[in-house]
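Trainee:
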Amino acid sequence: MEKEPKLPTPQIEAQQVAEAILDAAVKPTHHTKVGMGAKVNTTMANFMPGTADKMSAKQANRQQYDERPRNPDGTLDQPGEATGVSGRTSGTGGRTAK
Numbered sequence: 222m223e224k225e226p227k228l229p230t231p232q233i234e235a236q237q238v239a240e241a242i243l244d245a246a247v248k249p250t251h252h253t254k255v256g257m258g259a260k261v262n263t264t265m266a267n268f269m270p271g272t273a274d275k276m277s278a279k280q281a282n283r284q285q286y287d288e289r290p291r292n293p294d295g296t297l298d299q300p301g302e303a304t305g306v307s308g309r310t311s312g313t314g315g316r317t318a319k
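263 is the number that the working numbering gives to position 42 of the sequence shown; each next residue is one higher, with no gaps.
1) Looking at C-alpha atoms only, which residue of Y286, G295 and N262 is the closest neighbour of S277?
2) Identify whether Q285 lies in helix, strand or coil by the three-state DSSP scheme.
3) Who does P231 pair with in a DSSP beta bridge?
4) Could you pull the DSSP bridge partners for P226 from this structure?
5) Taking only beta-carbon positions, decide if L297 is within less than 7 Å of chain C.
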């Protein structure tokens with residue numbers, strides 16, 4: 222990328238996404254849409270694909286900062302900066318202490 226990437230503004234509450242993930246783990250489905258935006262985007266893509274493509278293309282510039290990349294090598298082989306946690310966890314997640 223020639224410009225620093227920017228995360229999109231959250232459209233759905235983190236709790237709603239987490240619940241959808243848990244529901245899908247318990248009762249798998251072929252597709253799961255979370256939030257009204259996903260339903261609108263899917264409907265647009267199915268019934269007006271050209272318009273949906275044009276709308277998506279307009280979002281691309283909003284997902285980059287107007288500056289050079291801060292870490293052009295990326296975070297595949299090294300950790301990135303901490304961004305915080307939306308929820309809290311407890312327990313060991315199945316891990317045992319060594």
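Where a beta carbon is used, it is the ideal one built from N, C-alpha and C, also for glycine.
Mentor: Well, looking at it:
1) N262
2) strand
3) DSSP, once it has assigned bridges, lists no residue as partnering P231.
4) Q285
5) Absent here is chain C; the protein component of the structure consists of one chain.
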